[in-house]
Amino acid sequence: MKKFSKSHHGTMNELNITPLLDLAFVLLVIFIIATTPMVNDLDLNLPTKSAGQKPPPDKPNFIVVNRDGGIFLNKKPIAATNLYATLRQMKRDNTNTMVVVYGTNSVRYQNMVNVFDALQRADVTRVGLATEFPATALNQVQTEN
702 MKKFSKSHHG TMNELNITPL LDLAFVLLVI FIIATTPMVN DLDLNLPTKS AGQKPPPDKP
762 NFIVVNRDGG IFLNKKPIAA TNLYATLRQM KRDNTNTMVV VYGTNSVRYQ NMVNVFDALQ
822 RADVTRVGLA TEFPATALNQ VQTEN
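In this text, residue positions in the sequence shown follow our numbering: the first is 702, and each later residue adds one.
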């Protein structure tokens, strides 16, 4: 009987991945070198912080519409026909014009619509609605003017 002996030329049971890793690292290095010049540097002029100076906050203008249809702009009576021209001039003087509108409890809805229509035509976009009579704010505006 013939004895089984191990041959010098046995089958390979393991795969040598060292050359594959070498190839992967070479490709990675080539990719890094090739893509680095493609990145563009941007020169940015970032704003610097000034010495704590903030622009003064815009003071709101108050429009009060009473139940008789009377309109008061910053506690001064103004005719409904002059409201648009006044608002347009205010918008020209300050593009960030802010207006707070207050209507009394028994104001006619149409009077409020007329005020909002004038605000829209004058391109006043910073508009607020007051739910309570702005007495303290009106007093403040009156004393500052």
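Think of the CB as a built atom: it goes at the ideal place given N, C-alpha and C, for glycine as much as any other residue. This one's a predicted model, so the numbers in the text were calculated from it and none came from an experiment.
Checklist entry - Just checking, does the stretch 755-771 make contact with the stretch 806-816 on the three C-beta pairs under 8 Å criterion? => result yes
Checklist entry - Which residues mark the beginning and the end of the beta strand (DSSP E) in which lysine 777 is found? => result 777-779
Item to check | Exposed unless 16 or more other CB atoms sit within 10 angstroms - verdict on asparagine 795 | outcome: exposed
Checklist entry - Who does arginine 667 pair with in a DSSP beta bridge? => result Nothing in the structure corresponds to residue 667, since the chain is present only between 702 and 846.
Checklist entry - Between the C-alpha atoms of valine 828 and proline 761, what's the straight-line distance to the nearest angstrom? => result 9 Å
Item to check | Within 9 Å, strictly: CB atoms of alanine 781 and valine 825 | outcome: no
Next on the checklist: Once DSSP output is grouped into helix, strand and coil, what is the label at serine 762?
Outcome noted: Inspection of the sequence shows that residue 762 is occupied by asparagine rather than by serine. Strand.
Checklist entry - How big is the Cα-Cα spacing for arginine 789 and threonine 749? => result 35 Å
Item to check | Three-state secondary structure (DSSP) of leucine 729 | outcome: In this structure, leucine 729 counts as helix in the three-state DSSP scheme.
Item to check | Spatial distance of asparagine 714 from proline 720 (CA atoms) | outcome: 17 Å
Item to check | Collapsed DSSP secondary structure at leucine 850 in the structure displayed | outcome: This structure cannot speak to residue 850, because the chain is shown only from 702 to 846.
Checklist entry - Relative to the C-alpha of arginine 822, which residue among Lys792, Leu716, Ile734 is closest? => result Lys792
Checklist entry - Smallest Cα separation from isoleucine 779: which of Leu747, Ala819, Thr798? => result Ala819
Next on the checklist: For serine 807, which residues in the same chain have their Cβ closer than 8 Å to its Cβ, ignoring the five residues on either side in sequence?
Outcome noted: Arg768
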